[in-house]
Amino acid sequence: MVHMPELKIGLVLECASVEEWEAWLGQKHASESEAWLRFAGKNSEAVTVSRAEALEVALYRILRRAIGNSSSNWGERRGD
């Protein structure tokens, strides 16, 4: 039997929108080493950012920082 190490979950976020996720990243990405996102299930009444939206926002921020333009936010890029 293989022994798996215990998974330690720290900060868990439940962001209701892309804007809330973007705001959290803008404020906390430098000070938090990790964060777990909780996503609503298909039959849930809860409203959360989707996995695809969360990933797209995070990757966009990483790419913008990599090319030296961290001032843009997701809403500006999408034309919202």
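Going by our numbering, the sequence shown opens with residue 10, and the numbers climb by one from there.
Every residue, glycine too, gets a C-beta built ideally from N, C-alpha and C.
Residue pairing from DSSP places Trp45 in a beta bridge opposite Val21. Distance from Ala63 to Trp30 at the Cβ level is roughly 6 Å; contact confirmed, criterion being Cβ atoms closer than 8 Å. Counted as a single uninterrupted DSSP element, the alpha helix (DSSP H) harbouring Lys37 occupies residues 27-37. With respect to the 8 Å criterion, Ala44 and Leu20 are classified as neighbours on the basis of their beta carbons. DSSP, read as helix, strand or coil, puts Ala55 in coil. DSSP, reduced to helix, strand and coil, places Leu16 outside both helices and strands of the structure shown, so it counts as coil.
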